[in-house]
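Quick note: the sequence shown uses the working numbering, first residue 148, plus one each step. Positions of the beta carbon are idealized from the N, C-alpha and C atoms, including for glycine. Below: one structure, written as structure tokens.
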Amino acid sequence: MTLNLVEPEDPVQKAFEDLSGRFDLYLQRISVGDNKTRGMIILDKSTYESNIQNLAAIFRAEGNRWGNQLRNICETPLFVESRPSRNIQLADHIAYSVFRRYNANDLSYFNCIESRFDRDGGVVHGLSHLQRTAKFCTCPACITRNNPVPPR
């Protein structure tokens with residue numbers, strides 16, 4: 148199996164940058180007027196904890212590769228054990244269903260959650276597929292970016 152990443156870089160950094168940036172934009176989009184919506188990122192405990200917290204501080208102060216600072220995320224990411232946390236276990240199941248969809252072409256779990264990913268203007272924003280052949284891919288993340296449905 149070969150990884151077909153857009154750029155050869157640290158996958159944890161790339162994933163956190165994409166996750167935090169998308170989440171921050173989502174929070175910005177759902178904010179109404181002066182009532183700003185804030186959010187928190189809670190992750191499963193891992194050996195990447197200090198790296199991710201450092202990245203969050205950099206993205207908050209200096210911005211990510213797109214120049215966007217994290218203004219709507221209220222804390223540094225929190226890390227918790229997954230065993231006692233049902234929410235982290237749910238996130239693990241969602242991650243597993245996405246993994247199975249892209250790595251084993253198994254849609255059985257993914258089809259149950261596909262409609263729940265964040266969408267705006269006909270584009271799926273809550274799901275990313277990082278690979279070079281996006282214009283030929285028919286997954287929901289790629290197809291909505293290549294052929295967005297105009298708003299009505």
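- Residue burial annotation: F170 is buried, with at least 16 other C-beta atoms found within 10 angstroms of its C-beta.
- In the three-state reduction of the DSSP assignment, G210 falls in the coil class.
- Bounds of the beta strand (DSSP E) holding V227 are L225 to V227.
- Distance check between T285 and each of G273, N252 and G214 places N252 closest, using alpha-carbon atoms only.
- The same chain holds no residue with a CB closer than 6 Å to that of L237 once the five nearest residues on each side in sequence are set aside.
- Note that the C-beta distance between G273 and T291 is not below 8 Å.
- Cα atoms of R218 and R207: separation of roughly 7 Å, rounded to the nearest angstrom.
- Apart from sequence neighbours up to five positions away, the residues of its chain that approach R176 with a beta-carbon distance below 7 Å are D267, ordered along the chain.
- By the C-beta density criterion, H276 is buried, having at least 16 other C-beta atoms within 10 angstroms.
- Per DSSP, the beta bridge partners of L190 are F226.
- For E164, the enclosing alpha helix (DSSP H) covers residues P158 to I177.
- Collapsing the DSSP output to three states places R185 in coil.
- Between T184 and the set L174, L190, Q160 and D191, the nearest pair of CA atoms involves L174.
- In this structure, the CA atom of N211 is about 8 Å from the CA atom of I205.
- Boundaries of the alpha helix (DSSP H) around S244: R233 to N250.
- I235 sits away from D165, with the two beta carbons spaced by 8 Å or more.
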